[in-house]
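Encoded as structure tokens, the structure appears first; notes follow it.
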Ligand code: CP
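Residue numbers (the numbering used here): 131 to 441.
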């Protein structure tokens, strides 16, 4: 019988999300201190299995598991027997036979962790599946917004860039919508599927960047995912002139607007260095919150409980 992991934000209730965000705050370090060490997951093992590249997610899941006292093992597809032709199901069954307590998984195919969880007793935590969901990114984004003293309810959030290929956009739409935020998705028409306006309440679409940013409380920039595009890409300079975030854009937003980006950032393509390094940027706060949020998620999954206290 499969055990419950964390596959997406869409399936979570607002209470479950809130419980993770509240617990993550307990794990945040005090200024100038390191993350605390706990024995909450002592004796447990977490396997990180990444079939796509990652800097932030893989490292922070590994640190999060270790800070909770668990053993963490990281495997990349390039260093696994996938390169010898082993199927995804066989790879997962092989790892599950070693009795880890959870598998954190990133894969280029949308739905891959959902499919595998149907057959696997080990809980799977989705670390990004294709263009579908990246649940822990949306959670750490929400934690970062809340840390700035804002409420999620009624916020105007502009998500700008390659919306079509963005699992970060989808998970954020699901999460922010559950809190009644106003979400504006913005990008070139070819990267802005109309169907996304229907996936959750409160979503509008525009191809006009000024319109998206006007009165925004939060601007979330997205990378152009060249690796997922089959059409000819826009030249970087042309893309930047229409959809690159520059200092002058910030004047259109609320005075205390924050600028977010899940990373990796491409300076001069979707964001200028002046904005990325400005006081309004919380990009490195997002990275830092990746650890506390993933600690909360791993605790919730491995302690045999879902957030909200359900057994
Ligand atoms: N935000 C994010 O998922 O970054 P990585 O690809 O480096 O993990």
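Cβ coordinates follow ideal geometry from the N, Cα and C atoms, glycine included.
Remember, it's a predicted structure, so these values are computed and weren't measured experimentally.
Three-pair Cβ contact test at 8 Å for the region 420–431 versus the region 150–162: Yes: the two stretches touch, three or more of their Cβ pairs being nearer than 8 Å.
Below 8 Å, how does it come out for the region 164–177 and the region 281–299: are there three or more Cβ pairs, yes or no? Between the region 164–177 and the region 281–299, the count of Cβ pairs shorter than 8 Å is below three; the stretches do not touch.
Hey, is residue 258 close to the ligand CP, as in C-beta under 7 Å from one of its heavy atoms? With a cutoff of 7 Å, residue 258 counts as near the ligand CP, since its C-beta is closer than that to a heavy atom of the ligand.
Indicate whether residue 207 and residue 245 have their beta-carbon atoms separated by less than 8 Å. Using a Cβ distance threshold of 8 Å, residue 207 and residue 245 do not count as a contacting pair.
What are the start and end residues of the alpha helix (DSSP H) that includes residue 225? For residue 225, the enclosing alpha helix (DSSP H) starts and ends at 218–226.
Spatial neighbours of residue 136 within its chain, please: CB distance less than 7 Å, with the 5 preceding and 5 following residues excluded, ordered by chain position. Contacts found: 255, 256, 265, 427, 431.
So within the region 254–311, which uninterrupted beta strand (DSSP E) runs reach at least 3 residues, ignoring any that extend past its ends? DSSP runs (the beta strand (DSSP E)) wholly in the region 254–311: 254–259, 286–290.
Using alpha carbons as the reference points, say which of 142, 272, 242 lies closest to residue 347. That would be 272, whose Cα lies nearest to the Cα of residue 347.
Considering only heavy atoms of the ligand CP, does any lie closer than 7 Å to the CB of residue 355? Because no heavy atom of the ligand CP lies under 7 Å away, the Cβ of residue 355 does not count as near it: no.
Here's the rule I'm using: 16 or more other beta-carbon atoms within 10 Å means buried, otherwise exposed. How should residue 219 be labelled? Using a 10 angstroms sphere on the CB of residue 219, the tally of other CB atoms stays under 16, which defines it as exposed.
Span separating the alpha-carbon of residue 369 from that of residue 226: Cα to Cα, the separation comes out at about 44 Å.
Are the region 350–358 and the region 398–418 touching by the rule of at least three beta carbon pairs closer than 8 Å? Yes, the region 350–358 is in contact with the region 398–418.
From 215, 322, 230, 231, pick the residue whose C-alpha is nearest to that of residue 261; which is it? When C-alpha distances from residue 261 are compared across 215, 322, 230, 231, the shortest belongs to 322.
Cα-Cα separation between residue 251 and residue 175, rounded to whole angstroms: As the crow flies, the alpha-carbon of residue 251 is around 15 Å from that of residue 175.
Please output, in chain order, the residues near the ligand CP using a CB cut-off of less than 7 Å to any non-hydrogen atom of the ligand. Qualifying residues, in the order they occur: 183, 184, 185, 186, 187, 188, 258, 264, 267, 298, 392, 393, 394.
Under 8 Å Cβ to Cβ from residue 406, same chain only, skipping five residues before and after it: list those, please. Excluding positions up to five away in sequence, the list reads 389, 391, 395, 397, 413.
May I ask you to verify whether the region 335–343 touches the region 296–313, counting CB pairs closer than 8 Å and requiring at least 3? Judged by Cβ distances under 8 Å, the region 335–343 makes no contact with the region 296–313, as fewer than three pairs qualify.
For residue 426, name the three-state secondary structure that DSSP assigns. Helix.
Tell me where the alpha helix (DSSP H) around residue 329 begins and ends. In the DSSP assignment, residue 329 falls outside any alpha helix (DSSP H) and carries neither an H nor an E.
When the Cα atoms are used, what is the spatial distance from residue 385 to residue 228? Going from the Cα of residue 385 to the Cα of residue 228 covers about 53 Å.
CB of residue 248 within 8 Å of CB of residue 184, strictly: Going by C-beta atoms, residue 248 is not nearer than 8 Å to residue 184.
Which same chain residues, not among the five before or five after residue 191, have their C-beta less than 6 Å away from its C-beta? The residues are 178, 234, 424.
For residue 346, which of helix, strand or coil comes out of DSSP? Residue 346: coil per DSSP, three-state reduction.
Nearest-angstrom Cα distance between residue 378 and residue 349? Cα-Cα distance, rounded: 13 Å.
I'd like to confirm the pairing. Which residues does DSSP put opposite residue 236 in its beta bridges? DSSP output for residue 236 lists 180 as bridge partner(s).
Within 10 Å of its beta-carbon, does residue 296 have 16 or more other beta-carbons around it, so buried, or fewer, so exposed? The C-beta of residue 296 has 16 or more other C-beta atoms within 10 Å across all chains shown, which makes the residue buried.
Buried/exposed call for residue 215, threshold 16 Cβ in 10 Å: Under this definition residue 215 is an exposed residue.
Every unbroken beta strand (DSSP E) inside the region 144–183 [3 residues or more]: Scanning the region 144–183 from its first residue to its last, the whole beta strand (DSSP E) runs of 3-plus residues come out as 175–180.
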